[in-house]
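*Asks:* Pasting a structure here, questions to come.
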Amino acid sequence: MMDITRKPKMGLLLIGANRFRPLGKGTADGTYEQRKEKEAEAIVASAKKIADVVFTGIVYDKDMLAAAMDAFYNEKVDFVFCAYLSWAEDFAWVRFLRDMYNIPLFFGCIMRESCEFSDTSDENEFVDFLSSGGIVGTLEASGSLARFNRKMVATGIGKLDTLMNQVSAFGQAAKVRSILRNSVFGLLACYNEAMWSTYVDPYNFFATVGPELRFLSIATLNDEINLLSEQEVQKTVEELTAKYSVMPDVGRDKFFASVRASMAVEKMLRKNDLDMIILNDIDRVLFEQVGLRPGFIPCSHKDAIVVPEGDIGAGLAVFVLKVLSGKHVSFIEPFYIDAKSGCFGAGHAGPNDYTDPSGSVKIARDVRFAKTSYKHAGAPFAWYKIPPGEKTMVHISENNGRYKLVCSLVDALECEHFLASYSHGVLKPRSPIDIFFGKLMEIGVTQHYGLVEGNYVKELEAFAKIMDFEYYHI
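The sequence shown begins at -6 in the numbering used here and counts up one residue at a time.
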């Protein structure tokens, strides 16, 4: 598994004017080059607040440019932040646009707080005047940026810290892209035959989104279940019961069986070096051979990401939110609409991250399947209640070869445990409930979404642009 908690890695390209470098020698503020070095130090310091920075120095000629591009490639940066420090010759910039490999670029213009000139016949002040002309170089360079028509480009302007806030969202999105291109998802064990709308093309998924998709088998899951010792399972059960209350009708044997199967799924994730498992937890073979759907993931492997119902697109939404936020992400679907309150119930059965300490968990029977004939019918699961607060809700699915991303801000309201067999909560969208769901219907989605605490709309918009996804914000 990759480290998805790392900071974004930024390549920093600062372009200066080669012909201005010696100007200002002997003046109070030094040469143009010395002044730009101080500016670069401030830019690097600001950039380091949001990213790990790869910077080889201000670029004045093509050799310096080549060194910078080599460093960006060798250090595997997620994106490059580019800025003109004044007017400058554009040969380095045009070469960069032509020769730089395909990577997200943020082209920025850094504004000074103020520029006050009284007599530019004074050489010190004249060099300061030349040094303040970042907008000249930026506008010059913007034409070439448009002519090359590179993909994955964003632009921004502002004072340094303000601009870096814009860059931060873009950098987080670029980090997600890099991680996806090196990640491996496992499908256990098949697409969901009851929900064709969740199907994706595995080849296109790899080519356009990034993750390699591996197909896992229930037979392998059974092998892992049988390899687990009683002591390993007992230890995990004790950890769970020490944290969460157990409903009185939960049977010991079925509790152990659910924990054992959950641990086995996590072992498959580790052994196959997977970053996520998409589990078809309503697969008939799973029920016939395992006798339940695993109900306590994560348990022994706290970083395990597992989602239900074989939905790769929704799994992608959960994974993206996990990388962006580093927080606990829920897999949900809307259950019903309460028109009077303008709210909807949401959540999901099956595996869900229940480990957010601000949520509420009870160990309860899966009563939905309790009356079936499967071996462990009614086996318990972590019955999780979504905590209140602002949430970002995200849908991703494939549409005729292209992916669409739909995001919204919703508020989770305080509620009691009231929906048996489902991790759940009550959500209120920021728009009227009929307009909210009407727009989802117009866009064309599925029923599955990722849900995370906080506001990640800016990052998701940047991510969708970088990935060339259709983007909708409701």
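For each residue, glycine too, the CB sits at the ideal point set by N, CA and C.
1) Identify, in the order they occur along the chain, each residue of the same chain with its Cβ nearer than 7 Å to the Cβ of ALA332, setting aside the five sequence neighbours on each side.
2) Which residues bound the alpha helix (DSSP H) around LYS228?
3) Measure the CB-CB distance between ILE43 and MET157 and report whether it falls below 8 Å.
4) Based on the DSSP secondary-structure assignment, which residues constitute the bridge partners of PRO373?
5) What residues in its chain sit with their C-beta under 8 Å from that of PHE462, if we drop five residues either side in the sequence?
6) For GLY23, which residues of its own chain have a beta-carbon under 7 Å away from its beta-carbon, when the five flanking residues on both sides are left out?
7) Beta-carbon separation of SER176 and GLY203 under 8 Å?
8) How many angstroms separate the CA atom of LEU123 from the CA atom of SER137?
9) Buried or exposed: ASP63, going by 16 or more other Cβ atoms within 10 Å of its Cβ?
10) Using CA atoms only, rank isn't needed, just tell me which of ILE270, VAL283 and GLU281 is closest to PRO291.
11) Cβ of ALA81 less than 8 Å from any chain C Cβ?
12) Runs of 3 residues minimum, wholly inside the stretch 295 to 343: which ones carry the beta strand (DSSP E) assignment?
13) Who pairs with PHE178 in a beta bridge, going by DSSP?
14) At 4 residues or longer, and completely inside the stretch 8 to 73: list those alpha helix (DSSP H) runs for me, N to C.
15) Tell me whether ILE103 is buried or exposed, calling it buried when 16 or more other Cβ atoms sit within 10 Å of its Cβ.
16) Using 8 Å as the threshold, is the stretch 21 to 40 in touch with the stretch 199 to 215, meaning 3 or more CB pairs across them?
17) Find the nearest neighbour of MET(-5) within the set MET57, ILE128, GLU32 and SER171, judged by alpha-carbon distance.
18) Assuming ALA250 is part of the alpha helix (DSSP H), what are its boundary residues?
19) For LEU5, which three-state DSSP category applies?
20) Between the beta-carbon of ILE436 and the beta-carbon of TYR465, is there less than 8 Å?
21) Using a 10 Å radius around the Cβ and a threshold of 16 neighbouring Cβ atoms, would you call CYS108 buried or exposed?
22) Just to check my reading of the structure: ASP417 and GLY340 have Cβ atoms closer than 8 Å, yes? What is that Cβ distance to the nearest angstrom?
23) When you compare each of VAL311, ARG28 and TYR415 to LYS355 by their alpha carbons, which one comes out closest?
24) Could you say if the stretch 160 to 170 and the stretch 248 to 260 meet the contact criterion of at least three C-beta pairs nearer than 8 Å?
25) Count Cβ pairs between the stretch 276 to 286 and the stretch 233 to 251 that sit closer than 8 Å; are there 3 or more?
*Replies:* Working from what's here:
1) ILE426
2) 223 to 236
3) Yes, the pair counts as a contact, with Cβ atoms nearer than the cut-off.
4) ARG358
5) The answer, listed in chain order, is ILE389, ARG395, TYR396, LYS397, LEU398 and PHE456.
6) Excluding residues within five positions, the ones whose Cβ falls inside 7 Å are GLY17.
7) Yes, the pair counts as a contact, with Cβ atoms nearer than the cut-off.
8) Per the coordinates, the alpha-carbon of LEU123 lies some 22 Å from the alpha-carbon of SER137.
9) Exposed, because fewer than 16 other Cβ atoms sit within 10 Å of the Cβ of ASP63.
10) ILE270
11) No chain C appears in this structure, which consists of one protein chain only.
12) 322 to 331 and 336 to 341
13) LEU206 and MET269
14) 25 to 40 and 55 to 67
15) buried
16) Contact between the stretch 21 to 40 and the stretch 199 to 215 is absent, because fewer than three Cβ pairs lie under 8 Å.
17) SER171
18) 245 to 264 is the extent of the alpha helix (DSSP H) around ALA250.
19) Of the three classes helix, strand and coil, the one that applies to LEU5 here is strand, per DSSP.
20) yes
21) exposed
22) Here residue 417 turns out to be His, not Asp, going by the sequence shown. Confirmed, about 3 Å.
23) TYR415
24) no
25) yes
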